[in-house]
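Student:
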Amino acid sequence: MSHSLAPAWLVSPADPNALHSGIWPASMHRADDGILEVGGVPVTDLVEEYGTPLYVFDQDDLVARARSVQRAVTDACDAHGITGSVYYASKSFISGHVVSWINSAGLGFDVASGGEMAIALAGGAEPGHLEFQGNNKSVAELEQAIAAGVGCIVIDAPIEAERIQECARTHDVRQKVMVRVNTGVHADTHDYLATAREDQKFGLSPDEAINLVASLREASHLDFVGLHSHIGSQIFRTEGFLEAATRMVDAYQRVLLEGESLTLNLGGGFGIAYTEADQPMDVGDLLSAIVDHVADLTSARGIPMPDLAFEPGRIISGPAGVTLYSVGVTKPVEVHNGDDVATRLYVSVDGGMSDNARPALYGAHYSTRLATRASNAAPALVRVVGKHCESGDIVVNADYLPGDVHPGDVLAVAATGAYCYSLASNYNVVGRPPVVAVSGGTSTLMVAGETVSDVLSRDQGLSRGQG
Numbered sequence: 007m008s009h010s011l012a013p014a015w016l017v018s019p020a021d022p023n024a025l026h027s028g029i030w031p032a033s034m035h036r037a038d039d040g041i042l043e044v045g046g047v048p049v050t051d052l053v054e055e056y057g058t059p060l061y062v063f064d065q066d067d068l069v070a071r072a073r074s075v076q077r078a079v080t081d082a083c084d085a086h087g088i089t090g091s092v093y094y095a096s097k098s099f100i101s102g103h104v105v106s107w108i109n110s111a112g113l114g115f116d117v118a119s120g121g122e123m124a125i126a127l128a129g130g131a132e133p134g135h136l137e138f139q140g141n142n143k144s145v146a147e148l149e150q151a152i153a154a155g156v157g158c159i160v161i162d163a164p165i166e167a168e169r170i171q172e173c174a175r176t177h178d179v180r181q182k183v184m185v186r187v188n189t190g191v192h193a194d195t196h197d198y199l200a201t202a203r204e205d206q207k208f209g210l211s212p213d214e215a216i217n218l219v220a221s222l223r224e225a226s227h228l229d230f231v232g233l234h235s236h237i238g239s240q241i242f243r244t245e246g247f248l249e250a251a252t253r254m255v256d257a258y259q260r261v262l263l264e265g266e267s268l269t270l271n272l273g274g275g276f277g278i279a280y281t282e283a284d285q286p287m288d289v290g291d292l293l294s295a296i297v298d299h300v301a302d303l304t305s306a307r308g309i310p311m312p313d314l315a316f317e318p319g320r321i322i323s324g325p326a327g328v329t330l331y332s333v334g335v336t337k338p339v340e341v342h343n344g345d346d347v348a349t350r351l352y353v354s355v356d357g358g359m360s361d362n363a364r365p366a367l368y369g370a371h372y373s374t375r376l377a378t379r380a381s382n383a384a385p386a387l388v389r390v391v392g393k394h395c396e397s398g399d400i401v402v403n404a405d406y407l408p409g410d411v412h413p414g415d416v417l418a419v420a421a422t423g424a425y426c427y428s429l430a431s432n433y434n435v436v437g438r439p440p441v442v443a444v445s446g447g448t449s450t451l452m453v454a455g456e457t458v459s460d461v462l463s464r465d466q467g468l469s470r471g472q473g
């Protein structure tokens, strides 16, 4: 029987201890003693060593996902005799360890700031494997990119072309550039995750982009190498990708010169499962459909097929990560719904919107399970909330946990490897949690956590003393 306060898509589980294989990291399972293990490490060991909240990455799962996407793109493109490239979404999560893992899988890096670029380069990424984008790259960032020798800069506005030209002239190099095209395709996703609608900040209309390409070809220190498109993030359906590819091939045909070799970057933003209701398409099938579509379009028009590039987004880092929290307070709350009264169990944990802003930003849904024990108690509808002074400080809006969940329990929240640490803040003067990797029964600290002392040390009024 469904709970009257539960969303329509949420089904009460027969076993609230069970893990859905499409949501949790590949190695995560519940051991015979009821404790969750990931990467061969019991959650209890991780909590004892690092505390909570704690971001945990299944290293082998993340690397396997990167290699799987790279293989899928290569296979789909090889079938048509073209080159396929993959760029990891640094904004989803980047650290020195991740850079080395992504390097080993053969992917490039999509960076959107000087900071992301700095981590990628310091971590050992080849400069030529970096693609630098963003709608407001500063002159200092462009200088940083060109001095480092980044492979390509994606131009978002004509004024950027002028700035890149001047920076490249100063360094006496020819800088490869692409132009971001706003295809106008309305991706089936949250409004804030759609990046190709007309009234938003990214890219140029096809006509504007084509006009800009003509001036790029006349620039003394710029090499125009292709067109870029990105329609959004957390997208499950193929229609938007295929329509965007059609519009990009239209633009490509209009700018292509005889004998010229160009690349179309068709973006990505492929969706992942955060709950059992999410049904993402197999990424290999999705990529094959897009590449085959481009092949059919170019063949019908009698033009050479371009090389292709993709930015798969969160599907690499997202499912490989979980966050661990300790329960501090549980509180049943009666909710009046017409003549009916229903109870929702609020479970407060020691983190919240400072370590996962996505529920507050996008109304994102997550899944949770007891991490340090199993229980025979009947499932109860819960809302997992954080400790911050906001009613919107929600970690998991709706899920079922054993009804005996209590203070001292540890919860695991799935699919937090993307856009959680990277969006983290110090709201309410809370330090950002540490990040660890697990593999082969051992854990490695990737990013140190912040203490309150760390946060206070930046306050110059405090460091100099009062008076």
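Anchor point for the sequence shown: position 165 equals 171 in the working numbering, and the numbering is continuous, going up by one each time.
We put the CB at the ideal spot given by N, CA and C, even for glycine.
Values in this document were obtained by computation on a predicted structure and should not be read as measured data.
Classify His342 as helix, strand or coil using the three-state DSSP reduction.
Tutor: Here the question's residue 342 lines up with position 336 in the sequence shown. The answer is strand: DSSP assigns His342 an E or B state.
Student: Ordered along the chain, which non-local residues of its own chain (more than five positions away) have a Cβ less than 8 Å from that of Cys83?
Tutor: The sequence position of residue 83 within the sequence shown is 77, counting from 1. If we look at Cys83 and ignore the five residues flanking it on each side, its Cβ neighbours are Thr89, Gly90, Val297, Asp313 and Leu314.
Student: Output the distance between the C-alpha atoms of Asn362 and Thr349, rounded to the nearest integer angstrom.
Tutor: Position 356 of the sequence shown, counting from 1, holds the residue named residue 362. Position 343 of the sequence shown, counting from 1, holds the residue named residue 349. When rounded, the distance between both Cα atoms is 26 Å.
Student: Which residue's Cα is closest to the Cα of Ile278: Phe63, Arg71 and Lys207?
Tutor: Stepping through the sequence shown from its first residue, residue 278 is reached at position 272. With distances taken between Cα atoms, Ile278 lies closest to Arg71.
Student: Beta strand (DSSP E) containing Ala95: first to last residue?
Tutor: Looking up residue 95 in the sequence shown gives position 89. Unbroken beta strand (DSSP E) run through Ala95: Gly90 to Ala95.
Student: Go ahead and pull the three-state DSSP assignment for Ile296.
Tutor: By one-based count along the sequence shown, residue 296 stands at place 290. Ile296: helix per DSSP, three-state reduction.
Student: Give the straight-line distance between the Cα atoms of Gly319 and Lys337, rounded to the nearest whole angstrom.
Tutor: One-based indexing of the sequence shown puts residue 319 at position 313. One-based indexing of the sequence shown puts residue 337 at position 331. Those two C-alpha atoms are separated by around 37 Å.
Student: Along the chain, where does the alpha helix (DSSP H) containing Asn109 start, and where does it finish?
Tutor: Taking the first residue of the sequence shown as 1, we reach residue 109 at position 103. Gly102 to Ala111 is the span of the alpha helix (DSSP H), which, as asked, contains Asn109.
Student: Is Val453 closer than 8 Å to Ser119 when the C-beta atoms are compared?
Tutor: Start at 1 with the first residue of the sequence shown, and residue 119 comes out as number 113. Start at 1 with the first residue of the sequence shown, and residue 453 comes out as number 447. Going by C-beta atoms, Ser119 is not nearer than 8 Å to Val453.
Student: Buried or exposed: which applies to Leu468, given that a residue is buried once 16 or more other Cβ atoms fall within 10 Å of its Cβ?
Tutor: Within the sequence shown, numbered from 1, the residue matching residue 468 stands at position 462. It is exposed - the Cβ of Leu468 has fewer than 16 other Cβ atoms within 10 Å.
Student: Any contact of the region 114-131 with the region 322-329, i.e. 3+ C-beta pairs under 8 Å?
Tutor: The region 114-131, when compared against the region 322-329, does not touch it at the 8 Å Cβ threshold.
Student: Express the C-alpha separation of Asn23 and Val47 in angstroms, rounding to a whole number.
Tutor: Within the sequence shown, the letter at position 41 stands for residue 47. Within the sequence shown, the letter at position 17 stands for residue 23. Whole-angstrom Cα-Cα distance: 18 Å.
Student: Could you have a look at Leu429 and say whether DSSP puts it in helix, strand or coil?
Tutor: Reading the sequence shown from its first residue, position 423 is the one you call residue 429. Three-state DSSP puts Leu429 in a helix.
Student: Would you check if there are 3 or more beta carbon pairs closer than 8 Å linking the region 263-270 to the region 221-235?
Tutor: Yes: at least three Cβ pairs fall under 8 Å.
Student: Only counting the same chain, and skipping five residues up and downstream in sequence, which positions put a Cβ closer than 7 Å to that of Pro59?
Tutor: If you number the sequence shown from 1, residue 59 lands on position 53. Cβ within range, chain order: Thr329, Leu330, Tyr331, Asp356, Gly357, Asp361 and Pro439.
Student: How long is the line joining the alpha carbons of Leu222 and Gly140, rounded to whole angstroms?
Tutor: Your numbering for residue 222 matches position 216 in the sequence shown. Your numbering for residue 140 matches position 134 in the sequence shown. Using only the alpha carbons, I get a separation of about 18 Å.
Student: Report the three-state DSSP secondary structure of Tyr372 (helix, strand or coil).
Tutor: Within the sequence shown, the letter at position 366 stands for residue 372. In the structure shown, Tyr372 sits in coil (DSSP, three-state: anything other than H, G, I, E or B).
Student: Identify, in the order they occur along the chain, each residue of the same chain with its Cβ nearer than 6 Å to the Cβ of Leu199, setting aside the five sequence neighbours on each side.
Tutor: The residue you call residue 199 lines up with position 193 of the sequence shown. In this predicted model, Leu199 has a pLDDT of only 37, less than 50, meaning its place in the structure is not dependable enough to derive any value.
Student: Less than 8 Å separating the beta-carbons of Met311 and Val300?
Tutor: Translated into positions along the sequence shown, residue 311 becomes position 305. Translated into positions along the sequence shown, residue 300 becomes position 294. Contact: yes.
Student: With a threshold of 8 Å on Cβ separation, who are the neighbours of Val17 within its own chain once the five nearest residues in sequence on each side are excluded?
Tutor: Here residue 17 corresponds to residue number 11 of the sequence shown, with the count starting at 1. Ser8 and Glu282.
Student: Val261 and Leu228: beta carbons closer than 8 Å?
Tutor: Along the sequence shown, one-based indexing puts residue 261 at 255. Along the sequence shown, one-based indexing puts residue 228 at 222. Result no, Cβ atoms of Val261 and Leu228 do not sit closer than 8 Å.
Student: CB Tyr372 to CB Val353, shorter than 8 Å?
Tutor: Here residue 372 refers to the residue found at position 366 when the sequence shown is read from its first residue. Here residue 353 refers to the residue found at position 347 when the sequence shown is read from its first residue. No, the Cβ-Cβ distance between Tyr372 and Val353 is not below 8 Å.
Student: Name the two residues that bound the continuous beta strand (DSSP E) containing Arg186.
Tutor: By 1-based counting over the sequence shown, the position of residue 186 is 180. Gln181 to Arg186 is the extent of the beta strand (DSSP E) around Arg186.
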